[in-house]
Structure formats: C-alpha cells, structure tokens
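Asks: Structure provided below as structure tokens; questions to follow.
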Amino acid sequence: SATVMVATDVAARGIHIDDVPLVVHYDLPEDVKDYIHRSGRTGRAGRDGEVVSLLDGSARKSTIRLLKGSDIEVTFKDFPFEDDESIADAIGAIGTVPTRSLVDQRQMS
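With my numbering applied, the sequence shown covers 791 to 899.
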C-alpha cells in the first residue's frame with residue numbers, strides 16, 4: 791500500500807505535507823532553485839528521502855548543466871525499452887493506485 795500525491799508546479803511551493811519519502815520529477819524545472827525547492831518536499835526534519843527524475847536520453851546534458859555547482863549527487867540509470875509495447879507493459883505492471891484529492895482549504899482573495 792502506498793500513498794501518492796500528484797501535484798503540478800502550482801503546488802510545488804507553499805504546501806507542507808509530512809512524511810514524504812520520495813519525490814518523482816516528471817518534467818524538470820529550468821531553474822536549479824526550483825529543482826531544489828521541489829526536491830525539498832522529501833527528507834525533512836532529519837528523515838531520509840529520495841528524489842528520482844525521469845528523463846529521456848537527450849536530457850542528460852541539460853540536467854548536468856542544471857545541477858552543476860548545486861552539490862547534488864547525480865546518478866544516471868538507463869532503462870532501455872525496445873518499443874512502445876514494452877513501455878506499456880512496464881506501466882501496466884504498476885497497476886492502479888488509489889487516489890485522494892488534496893483540496894486547498896484556504897480562502898481565495
């Protein structure tokens with residue numbers, strides 16, 4: 791069982807959720823400060839946390855440039871897929887994940 795929150799960039803700032811063990815970036819920001827801020831949702835208050843960024847092969851150089859000088863340790867792992875069907879099989883193996891809406895209760899002004 792896992793609790794999953796999916797958020798857009800709108801939710802990247804200003805929300806606080808306890809015990810986030812993993813942040814997965816699907817679309818990397820262009821600014822390293824934004825990357826660090828989004829990644830900072832995990833590993834708070836002395837807890838361990840991990841960040842995974844999903845990239846296609848062409849994004850490796852731009853990711854290295856983005857994180858240069860940030861003291862972030864980067865490890866690239868390749869996951870080759872032979873065709874669209876193998877990608878669909880990998881996604882299908884994950885199954886379905888129950889979701890819960892996170893609604894901002896603050897009043898809009």
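Each residue gets a CB set at the ideal place from its N, CA and C atoms; glycine is no exception.
Do residue 811 and residue 839 have their beta-carbon atoms positioned less than 7 Å apart in this structure?
Replies: For residue 839 and residue 811, yes; Cβs fall inside 7 Å.
Asks: Suppose the cutoff is 8 Å on Cβ atoms and the five residues either side in sequence are ignored; what does the same chain contact list for residue 889 look like?
Replies: Any reading at residue 889 needs caution, since the residue's pLDDT is 44, under 50, leaving its predicted position unreliable; the model's value is listed next. Correct list, in chain order: 794, 796.
Asks: Reducing DSSP to helix, strand and coil, say where residue 875 ends up.
Replies: Looking at residue 875 - three-state DSSP - the assignment turns out to be helix.
Asks: Give the secondary structure of residue 857 by DSSP, where H, G and I count as helix, E and B as strand, and everything else as coil.
Replies: DSSP places residue 857 in helix when its eight states are reduced to three.
Asks: Enumerate, from N- to C-terminal direction, the unbroken alpha helix (DSSP H) stretches of 4 or more residues contained entirely within the segment 802-866.
Replies: For the segment 802-866, whole alpha helix (DSSP H) runs of length 4 or above, ordered along the chain, are 822-829, 850-857.
Asks: Considering only the beta carbon of each residue, do residue 860 and residue 822 sit closer than 7 Å?
Replies: In contact: residue 860 and residue 822 (Cβ atoms closer than 7 Å).
Asks: Return the Cβ separation of residue 829 and residue 841 in integer angstroms, given the expectation that the two are a contact with Cβ distance under 8 Å.
Replies: 4 Å between Cβ atoms; contact.
Asks: Near residue 866, which residues of its chain fall below 7 Å by C-beta distance, leaving aside the five closest residues on each side in sequence?
Replies: Taken in chain order, the residues that qualify are 850.
Asks: Classify residue 799 as helix, strand or coil using the three-state DSSP reduction.
Replies: Note: residue 799 maps to helix in three-state DSSP.
Asks: Taking the alpha carbon of residue 846 as the reference point, which residue from 815, 863, 824 has its own alpha carbon closest?
Replies: The candidate whose alpha carbon is nearest that of residue 846 is 815.
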